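A quick write-up on the structure given underneath.
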Amino acid sequence: MKQPAEKVLILSCNTGQGHNTVAKAIQEALNKRGVPADIRDGLAFDSEHASRLISGVHNMSAVYAPELFVLGNRTAERATARALETAQPTGCYLANARYAAKLYRYIREGGYTAAVMPHVFPAEAMTEIRRRFAPDFRAAFVATDYACAPFVGETDLDLYCIPHSALAEDFIRGGVDPSRIAVTGIPVQDKLLHLPCRKDARAALRLPQDAPVVQIMTGSMGYGHTDALLRALLPKLPPQGLALVLCGNNAHLLRSLQKQFGSERRVRLLPYCSNVETYLASADVLLTKPGGLSITEAAVCAVPTVLTAPLPGWETQNVAFFTAHGMAEAAETPEALASAASALLRDPDRCAAMRAAQRSNTHPAAAEDIASRLLTSADFSRDRSFQDA
């Protein structure tokens, strides 16, 4: 019997732009191999309203009510531990299982031969599909942080792509079968692998060639007390220095900073940028929120980095991993962050050591690796069996 042509469904989630950016990187790698790949919002298979509500609550709590975000994360961790002990599904699993039949029909009608999930919510729905309808449908999870997130351990997929070998035990303790773990790195888009040189990047952005440039990335949603950070940083910058602030999608943050620093010649304020690779190539030092994708992009681009205060949970684990491996420094107060950035500007040897650590602990070809495993892994050689939804 002739096997169907490969076609991959990538199921992401709008709880932060990082998941969608990872999805695009995987899509690029599959398309380069001639394999069609479609990206869909996993939660939208429940309903568009549910997707907007869940993503909105997540994003707004992270920005404006971090104590609520912390509570949610701790609740998720306890629920996952209880589920692993009792073999009973969490409420999160049951919520995602609810749209499994609808998602399964979409997969069948679309002719998809495999699925990859850079978010745990659709990974739970896919687990339900494999348990109820298609036990041999190929499916992979891609971690987007340097930690095993809550609920991952109650999924049952063929492949779990993790960022680094040092994290394997974390995922095993979290409930993942060690035989299904692959160390691939976190995927970045192809454009980050072909950076312009600093001279060309600064020319493209109309930045002075000889100015020390500190770049502040607040994440796609614009987190952090950036105004206080700028006030602490400016006195420590050389007279010709420049602070670039990428405000993400937070229009309120951009307007607020424009009111406070619009007349400051050493500050440039920018909304969400699609050419982040050019800005990374232009920077001497980066100050960034420690989201998994953001710090991976910085490390792949080998930019000396200082990590800002994390949200408790996997961002805290991201900071711990990067600092332990010499890939970044970290501080929490505006004054300490400014001092760390200033110290890096004055210490080329420390910057060189950090770049070396970044290069030795990242996998720039992660997307290609995942695409290859998804299409050729022995785990994926089984025939598919479909049942009616």
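Following this note's numbering, the numbering of the sequence shown begins with 723 at its first residue and continues without gaps. Note that beta-carbon positions come from the ideal geometry of N, C-alpha and C, so glycine has one too. It should be emphasised that the depicted structure is a prediction, and the values quoted were computed from it without experimental measurement.
Between Arg902, Ala805 and Ser1004, which has its C-alpha nearest Ala933's C-alpha? The shortest C-alpha separation from Ala933 is found at Ser1004.
Should the region 863-878 be regarded as contacting the region 892-908, the criterion being three or more beta carbon pairs within less than 8 Å? These segments touch.
Here's the rule I'm using: 16 or more other beta-carbon atoms within 10 Å means buried, otherwise exposed. How should Cys919 be labelled? With fewer than 16 other CB atoms across the displayed protein chains lying within 10 angstroms of its CB, Cys919 is exposed.
Reduced DSSP category for Met848 - H, G, I as helix; E, B as strand; rest coil: Reduced to three states, the DSSP call for Met848 is helix.
Quick test of the definition: if touching needs 3 or more C-beta pairs under 8 Å, does the region 797-806 touch the region 759-771? When Cβ pairs closer than 8 Å are counted between the two stretches, the region 797-806 is seen not to touch the region 759-771, the count staying below three.
Would you kindly work out how many angstroms separate the C-alpha atoms of Ala817 and Arg827, rounded to a whole number? If you take the alpha carbons of Ala817 and Arg827, they lie about 18 Å apart.
Coil, strand or helix - Ala865 by DSSP: Coil.
Could you check how far apart the C-beta atoms of Ala904 and Leu879 are, in whole angstroms? I think they sit under 8 Å. Ala904 to Leu879, Cβ: 11 Å. No contact.
Going by CA-CA distance only, name the one from Ser985, Gly963 and Asn753 that's closest to Arg1068. For Arg1068, the closest alpha carbon among the candidates Ser985, Gly963 and Asn753 is that of Gly963.
Which residue spans inside the region 793-854 form an unbroken beta strand (DSSP E) run of at least 3? With a minimum length of 3 residues, the continuous beta strand (DSSP E) runs that stay inside the region 793-854 are 836-839.
Which same chain residues end up closer than 8 Å to Leu991 when comparing Cβ atoms and leaving out the 5 residues on each side of it in sequence? Here the set comprises Val967, Cys969, Leu976, Leu979, Gln980, Phe983 and Gly984.
Measuring only the C-alpha atoms, how far is His947 from Gly833? Cα-Cα distance, rounded: 47 Å.
Can you tell me whether Thr1098 is buried or exposed? The criterion is at least 16 other CB atoms within 10 Å of its CB, across all chains shown. Flag for Thr1098 reads exposed.
Looking only at its chain, what residues have a beta carbon closer than 6 Å to the beta carbon of Phe1043, apart from the 5 residues adjacent to it on each side? Cβ neighbours of Phe1043 beyond the five flanking positions: Tyr868.
My output table needs one value for Gln937: the three-state DSSP class, helix, strand or coil. DSSP, reduced to helix, strand and coil, places Gln937 within a strand of the structure shown.
Sequence ranges, alpha helix (DSSP H) only - wholly within the region 973-1040, length at least 4: Segments of the alpha helix (DSSP H) lying fully in the region 973-1040: 973-983, 998-1004 and 1014-1022.
Sort out for me which residues DSSP pairs Ala965 with in a bridge. According to DSSP, which records beta bridges pairwise, Ala965 is partnered with Val936 and Val989.
Quick check on Asp899: does DSSP put it in helix, strand or coil? Correct three-state label for Asp899: coil.
Could you spell out the range, first to last residue, of the beta strand (DSSP E) harbouring Ala950? That residue, Ala950, is in no beta strand (DSSP E); its alpha helix (DSSP H) goes Thr948 to Leu955.
So Leu917 and Ala837 are in contact, right, with Cβ under 8 Å, and what is the actual spacing, rounded? Leu917 to Ala837, Cβ: 31 Å. No contact.
Span separating the alpha-carbon of Ala1088 from that of Ile1017: Their backbone Cα atoms lie some 15 Å apart in a straight line.
Under a three-way DSSP split, which group does Glu728 fall into? DSSP places Glu728 in the coil class of the three-state scheme, outside both helix and strand.
If we ignore side chains and look at the alpha-carbon of each, how far apart do Leu959 and Ser1064 end up? In a straight line, the C-alpha of Leu959 is about 7 Å away from that of Ser1064.
Ordered along the chain, which non-local residues of its own chain (more than five positions away) have a Cβ less than 8 Å from that of Arg820? These residues qualify, in order along the chain: Asp768.
Taking only the alpha-carbon atoms, compute the straight-line gap between Arg1095 and Thr1038 and give it to the nearest angstrom. Taking the straight line joining both Cα atoms gives about 30 Å.
Is the beta carbon of Glu1054 closer than 8 Å to that of Lys913? Remark: C-beta atoms of Lys913 and Glu1054 do not approach each other more closely than 8 Å.
Where Lys754 falls, given that 16 or more other Cβ within 10 Å makes a residue buried: Exposed is the call here.
Assuming contact is defined by CB atoms lying nearer than 8 Å, are Ala865 and Ile884 in contact in what I supplied? The Cβ atoms of Ala865 and Ile884 sit closer than 8 Å to each other.
Flag Lys921 as yes when its Cβ comes closer than 7 Å to any non-hydrogen atom of the ligand GTP, and as no otherwise. What this structure holds is no ligand at all, so the ligand GTP is not there to describe.
The beta strand (DSSP E) that contains Asp1091, what's its start and end? According to the DSSP assignment, Asp1091 belongs to no beta strand (DSSP E) but to the alpha helix (DSSP H) extending over Ala1088 to Thr1098.
Boundaries of the beta strand (DSSP E) in which Leu881 is found, first to last residue: Its beta strand (DSSP E) spans residues Leu881 to Ile884.
CB-CB under 6 Å to Asn742, same chain, minus the five flanking residues each way: which ones, in chain order? The residues are Ser734.
For the candidate residues Arg854, Pro1026 and Arg853, whose alpha-carbon lies nearest to that of Ile938? Looking from the CA of Ile938, the closest CA among Arg854, Pro1026 and Arg853 belongs to Pro1026.
Count the other CB atoms within 10 Å of the CB of Gly1035; is the residue buried (16 or more) or exposed (fewer)? Residue environment analysis places Gly1035 among the buried positions, since at least 16 neighbouring C-beta atoms fall within 10 angstroms of its C-beta.
Between the C-alpha atoms of Thr1084 and Gly1048, what's the straight-line distance to the nearest angstrom? Straight across, the Cα-Cα distance linking Thr1084 with Gly1048 is about 12 Å.
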